[in-house]
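*Asks:* Numbering (my numbering), first residue to last: 49 to 763.
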Amino acid sequence: MDNMDPSRAFLKDVKRIIIKVGTAVVTRQDGRLSVGKLGVLCEQIKELNSLGYEIILVSSGAVGLGRQRLRYRKLLNSSFADLQKPPVELDGKACAAVGQSSLMALYDTVFSQLDMTCAQLLVTDNDFRDKDFRKQLSETVKSLLSLKVIPVFNENDAVSTRKAPYEDSSGIFWDNDSLSALLALELKADLLILLSDVDGLYSGPPSDPQSKLIHTYIKEKHQNEITFGDKSRVGRGGMTAKVKASIHAAEAGIPVIITSGYAAENLTKVIQGQHIGTLFHKDAHKFAPVKEVDAREMAVAARDCSRRLQALSSDERKQVLLKIADALEARENEIRIENEADIAAAQQEGYEKSLVARLGLKPGKIASLANNIRIIANMEDPIGRVLKRTELADGLILEKTSSPLGVLLIVFESRPDALVQIASLAIRSGNGLLLKGGKEAKRSNAILHQVITEAIPDTVGGKLIGLVTSRAEIPELLKLDDVIDLVIPRGSNKLVSQIKSSTKIPVLGHADGICHVYVDKFANTEMARRIVLDAKIDYPAGCNAMETLLVHKDLVDKGWLNDIIVDLRTEGVTLYGGPKASSLLNIPQATSLHHEYSSLACTVEIVDDLRAAIDHINLHGSGHTDTIVTEDREAADAFLRQVDSAAVFHNASTRFSDGARFGLGAEVGISTSRIHARGPVGVDGLLTTRWILKGSGQVVDGDKAVNYTHKDLAT
49 MDNMDPSRAF
59 LKDVKRIIIK
69 VGTAVVTRQD
79 GRLSVGKLGV
89 LCEQIKELNS
99 LGYEIILVSS
109 GAVGLGRQRL
119 RYRKLLNSSF
129 ADLQKPPVEL
139 DGKACAAVGQ
149 SSLMALYDTV
159 FSQLDMTCAQ
169 LLVTDNDFRD
179 KDFRKQLSET
189 VKSLLSLKVI
199 PVFNENDAVS
209 TRKAPYEDSS
219 GIFWDNDSLS
229 ALLALELKAD
239 LLILLSDVDG
249 LYSGPPSDPQ
259 SKLIHTYIKE
269 KHQNEITFGD
279 KSRVGRGGMT
289 AKVKASIHAA
299 EAGIPVIITS
309 GYAAENLTKV
319 IQGQHIGTLF
329 HKDAHKFAPV
339 KEVDAREMAV
349 AARDCSRRLQ
359 ALSSDERKQV
369 LLKIADALEA
379 RENEIRIENE
389 ADIAAAQQEG
399 YEKSLVARLG
409 LKPGKIASLA
419 NNIRIIANME
429 DPIGRVLKRT
439 ELADGLILEK
449 TSSPLGVLLI
459 VFESRPDALV
469 QIASLAIRSG
479 NGLLLKGGKE
489 AKRSNAILHQ
499 VITEAIPDTV
509 GGKLIGLVTS
519 RAEIPELLKL
529 DDVIDLVIPR
539 GSNKLVSQIK
549 SSTKIPVLGH
559 ADGICHVYVD
569 KFANTEMARR
579 IVLDAKIDYP
589 AGCNAMETLL
599 VHKDLVDKGW
609 LNDIIVDLRT
619 EGVTLYGGPK
629 ASSLLNIPQA
639 TSLHHEYSSL
649 ACTVEIVDDL
659 RAAIDHINLH
669 GSGHTDTIVT
679 EDREAADAFL
689 RQVDSAAVFH
699 NASTRFSDGA
709 RFGLGAEVGI
719 STSRIHARGP
729 VGVDGLLTTR
739 WILKGSGQVV
749 DGDKAVNYTH
759 KDLAT
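#1: Cutting at 7 Å between CB atoms, please list the residues of its own chain near PRO523, excluding the five before and the five after it.
#2: Would you check if the region 533 to 553 and the region 575 to 587 touch, i.e. whether three or more CB-CB distances between them fall below 8 Å?
#3: Assuming the contact rule is C-beta atoms closer than 8 Å, THR326 and LEU249 should be a hit. Round their C-beta distance to whole Å, please.
#4: Secondary structure at ASP663, three-state DSSP: helix, strand or coil?
#5: I'd like the span of the beta strand (DSSP E) that includes LEU456, first residue to last.
#6: My guess is that ALA153 and LEU118 are in contact by the Cβ rule of under 8 Å, so how many angstroms apart are they, rounded?
#7: How long is the line joining the alpha carbons of GLY84 and LYS122, rounded to whole angstroms?
#8: Based on the DSSP output, what are the partners of TRP739 in its beta bridges?
#9: By the three-class DSSP mapping on this structure, what secondary structure does VAL729 have?
#10: Judging by CA-CA distance, which residue of VAL73, ALA206, ILE198 and LYS183 is the nearest neighbour of ASP139?
#11: Classify GLN395 as buried or exposed, calling it buried when 16 or more other Cβ atoms lie within 10 Å of its own Cβ.
#12: Determine the closest residue to ILE266 out of GLY321, HIS296 and ASP331, with distance taken between C-alpha atoms.
#13: Figure out for me which residue from VAL404, VAL69, ALA389 and GLY87 has the closest Cα to the Cα of ASP245.
#14: So, at 6 Å on beta carbons, what are the nonlocal neighbours of LEU239 in its own chain, with the 5 sequence-adjacent residues on each side left out?
#15: Just the Cα atoms here: how many angstroms apart are VAL535 and LEU658?
#16: Tell me whether the beta-carbon of SER646 lies closer than 7 Å to the beta-carbon of ALA589.
#17: With 16 as the cutoff for other CB atoms within 10 Å, does ASN387 come out buried or exposed?
#18: Using C-beta distances below 8 Å, list every residue in its chain close to LEU369, excluding the 5 sequence neighbours before and after it, in chain order.
#19: Per DSSP, what kind of secondary structure is GLY480 in: helix, strand or coil?
#20: Any idea if PRO464 is buried or exposed, counting beta-carbon neighbours within 10 angstroms, 16 or more meaning buried?
#21: According to DSSP, what are the bridge partners of VAL599?
#22: For the candidate residues SER450, ILE414, GLU428 and ASP560, whose alpha-carbon lies nearest to that of ILE495?
#23: What is the DSSP secondary structure of GLU439, counted as helix, strand or coil?
#24: GLN92: buried (16+ other C-beta within 10 angstroms of its C-beta) or exposed?
#25: At a cut of 8 Å, does the region 480 to 490 reach the region 448 to 467 through at least three beta carbon pairs?
#26: Between the beta-carbon of ALA714 and the beta-carbon of GLY514, is there less than 7 Å?
#27: Throw me the rounded Cβ distance for the ILE242 and SER228 pair, which I believe falls under 8 Å.
#28: From what residue to what residue does the beta strand (DSSP E) around ALA695 run?
#29: Below 7 Å CB to CB, which residues in the same chain sit around ILE612 once its five sequence neighbours on both sides are set aside?
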């Protein structure tokens, strides 16, 4: 539970959980039961059960399932004349009677496949008026739970005497939502989870882009702010019913979480304390933040500030950057103190050495960052450059110009220097920016963000660059495809893959940095030695460090391979071999030829020729940076043409693949994407284009009066 939200610390003491499953959660759009969804739900329940949690299920869906079966039965027994008559609504109680046995048969089948047992308990609200019934109910449930049996409750609609309107002052419960709240109290549950077909409680209809997910419900704040959407497409309840049941249970001391029943592993995530769904708790007003961070407001503010930034003159934007560079140098001691505190905390937490290495701001780093910012400031203004100018017709001039993308979301791990580089590029290119760094660099990021935003003039606004401090805010930001224009993740393969699968916003970046150095048979061996050692040892944690060394087979006989192996080992590099090299060199075989070590380790493999080297790189590489060392110009040209990577080098270390070294001033990351930007991404990679048309009263009018010339003009 390392990532547990502080407001959900109470989950550590939870043992007995009631899970209410809405009809919409276990049915398809056509109303038919979804066996797949039911299976996923039951697998999560089995996992929780095996971890020692006592699980009680309250399941809707019986009426819908019964209606489906009775409609089919009625269709089979209908004559042609019957089919011509208007359809008659089926008796709901008959549907319930048929559906209850069918629903339990499905639960029994699925749980049996998971080597579990379930039990059905049907109740009506009149049952709860009997004290003896309530006592016996508690004893029966206690007995079932001790045997690891899953009790499955449902309202016995088939014999219930309640009729619409279901909710009035005489009732004890009115639907399965209020039943689950009642059972939570009666059975002394520690937690109630209400599974819905949406992510939780929103401030308005979930389909409305302006609606915001409420993570913690505070009655005094939210009860008059919420606008409910349509009732559930199936079943009797809906979000209104869930909120009422949640408030009732929470006020009685039972925490409630409303969350999606569609998302994979959501039950597990709730128990782990992750920041998902909406929490109802009697003490919510105490641990809720004074002002909830609103992802949309943050993104909109960055967009508004970016438009004011674009309105500045080129020189004014330049002065902002120069002021930031000066401020970084002036406050270097403060920055170093915070950075050293982060490093000490990371070491104490036992983080990997490669991560701690990326975390540190080494001596001279602040000066280097300030210098790079000044380089960016003195670049030609990237905004509004005329890239192409065309005369469409006499007096009608079309210009294709460079333009900022809008709002960027950058998620990065470890490296606090990335914050400075990204912020300076965003300012020069006129973009708004949202930054989320790793928690291991929390103090470093905070002081750097403070230094930078204090240097931004009030005419633009410090909210131009927002610092996202909670990991829980990322899912909300990734939904804002109407405000955020580009996401750039900088970090592990897992981070990049998670973001790509979680958003509709375009994502620019690379998942792996598996860089190769191929030493050809015609290589200058001393040059090859220097390049290999630099590519691996200069900064092993860098994404542009060598991860695989490919050596032409002829260099084995000449003894060069043995020499470089000795050199690498002398530098502390752990070696793994491909199929050929591992047996020849007697080193452990690499578990995968597609592996990024990010440390003093690498894979070594022997190839037959240039073609084999190119094929190996294209098959096992990540499209980042690869280099050939050879004196054969023809071989070099073939390698440069045929290796399909963002950066391909000849007789140079892979470590040169860097925005600052490319003269870009800095980089927001290195992209292995094929659309928009590829390789180190500087200012140009944060721009798009737009068209400016200047006329003198022309109209189309079916093109009758327009004499098109389409003449290219000087820019």
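Positions of the beta carbon are idealized from the N, C-alpha and C atoms, including for glycine.
In this text, all values refer to a predicted model and were calculated from it rather than measured experimentally.
*Replies:* According to the structure shown:
#1: For the purposes of this step, residue 523 is identified with residue 475 of the sequence shown, where counting begins at 1. Spatial neighbours of PRO523 in its own chain (CB-CB distance under 7 Å, excluding positions within 5 residues in sequence) are listed in chain order as SER550.
#2: A contact between stretches requires three or more CB pairs, one per stretch, nearer than 8 Å, and the region 575 to 587 fails this requirement with the region 533 to 553.
#3: The sequence position of residue 326 within the sequence shown is 278, counting from 1. The sequence position of residue 249 within the sequence shown is 201, counting from 1. About 4 Å; that satisfies the 8 Å criterion.
#4: Residue mapping note: residue 663 aligns to position 615 of the sequence shown, counting from 1. Three-state result, ASP663: helix.
#5: Against the sequence shown, residue 456 aligns to sequence position 408. LEU456: member of the beta strand (DSSP E) spanning 455 to 460, first to last residue.
#6: Residue 153 sits at position 105 when you count from the first residue of the sequence shown. Residue 118 sits at position 70 when you count from the first residue of the sequence shown. Not quite, the Cβ-Cβ distance comes to about 16 Å (not below 8 Å), so this is no contact.
#7: Mapped onto the sequence shown, residue 84 falls at position 36. Mapped onto the sequence shown, residue 122 falls at position 74. C-alpha separation (whole angstroms): 27 Å.
#8: Taking the sequence shown and counting its residues from 1, the one referred to as residue 739 is at position 691. Secondary-structure assignment with DSSP links TRP739 through a beta bridge to LYS448.
#9: In the sequence shown, counting from the first residue as 1, residue 729 sits at position 681. Here VAL729 sits in strand by DSSP.
#10: What you label residue 139 is simply residue 91 of the sequence shown in a count that begins at 1. Nearest C-alpha to ASP139: ALA206.
#11: Locating residue 395 in the sequence shown gives position 347, where the first residue counts as 1. Around the beta-carbon of GLN395, fewer than 16 other beta-carbon atoms lie within 10 Å, marking it exposed.
#12: Here residue 266 is taken as the residue at index 218 of the sequence shown, counted from 1. The shortest C-alpha separation from ILE266 is found at ASP331.
#13: Against the sequence shown, residue 245 aligns to sequence position 197. Among VAL404, VAL69, ALA389 and GLY87, the Cα nearest to that of ASP245 is on VAL69.
#14: Translated into the one-based positions of the sequence shown, residue 239 becomes position 191. Cβ within range, chain order: VAL62, ILE65 and PRO303.
#15: Translated into the one-based positions of the sequence shown, residue 535 becomes position 487. Translated into the one-based positions of the sequence shown, residue 658 becomes position 610. The C-alpha of VAL535 lies about 37 Å from the C-alpha of LEU658.
#16: By one-based count along the sequence shown, residue 646 stands at place 598. By one-based count along the sequence shown, residue 589 stands at place 541. In contact: SER646 and ALA589 (Cβ atoms closer than 7 Å).
#17: The residue labelled residue 387 in the question sits at position 339 within the sequence shown. Burial state of ASN387 is buried, judged by a 10 Å Cβ sphere holding 16 or more other Cβ atoms.
#18: Taking the sequence shown and counting its residues from 1, the one referred to as residue 369 is at position 321. The beta carbon of LEU369 sits closer than 8 Å to the beta carbons of ILE421, ARG422, ILE424, ALA425, SER472, ILE475 and ARG476 from its chain, once the five residues preceding and following it are set aside; these are given in chain order.
#19: One-based indexing of the sequence shown puts residue 480 at position 432. Correct three-state label for GLY480: strand.
#20: Taking the first residue of the sequence shown as position 1, residue 464 is located at position 416. With 16 or more other Cβ atoms within 10 Å, it is buried.
#21: Stepping through the sequence shown from its first residue, residue 599 is reached at position 551. In the DSSP assignment, VAL599 forms a beta bridge with VAL567 and ILE654.
#22: Along the sequence shown, read from residue 1 onward, the residue named residue 495 stands at position 447. Closest option to ILE495, Cα to Cα, is ILE414.
#23: The residue given as residue 439 occupies position 391 in the sequence shown. GLU439: strand per DSSP, three-state reduction.
#24: Locating residue 92 in the sequence shown gives position 44, counting from the first residue. With a 10 Å radius around the Cβ and a threshold of 16 neighbouring Cβ atoms, GLN92 comes out buried.
#25: Three or more pairs of CB atoms, one per stretch, sit closer than 8 Å, so the region 480 to 490 contacts the region 448 to 467.
#26: Working through the sequence shown from its first residue, we reach residue 714 at position 666. Working through the sequence shown from its first residue, we reach residue 514 at position 466. No, they are not a contact pair.
#27: Here residue 242 corresponds to residue number 194 of the sequence shown, with the count starting at 1. Here residue 228 corresponds to residue number 180 of the sequence shown, with the count starting at 1. Before going further, note that residue 242 is Leu rather than Ile in the sequence given. Going by Cβ atoms, the distance from LEU242 to SER228 rounds to 7 Å, so yes, they are a contact pair.
#28: Here residue 695 refers to the residue found at position 647 when the sequence shown is read from its first residue. Per DSSP, the continuous beta strand (DSSP E) segment holding ALA695 begins and ends at 695 to 698.
#29: Walking along the sequence shown from the start, residue 612 turns up at place 564. Only residues of its own chain outside the window of five on either side were considered, and among them ARG577 and VAL580 have a CB closer than 7 Å to the CB of ILE612, listed in chain order.
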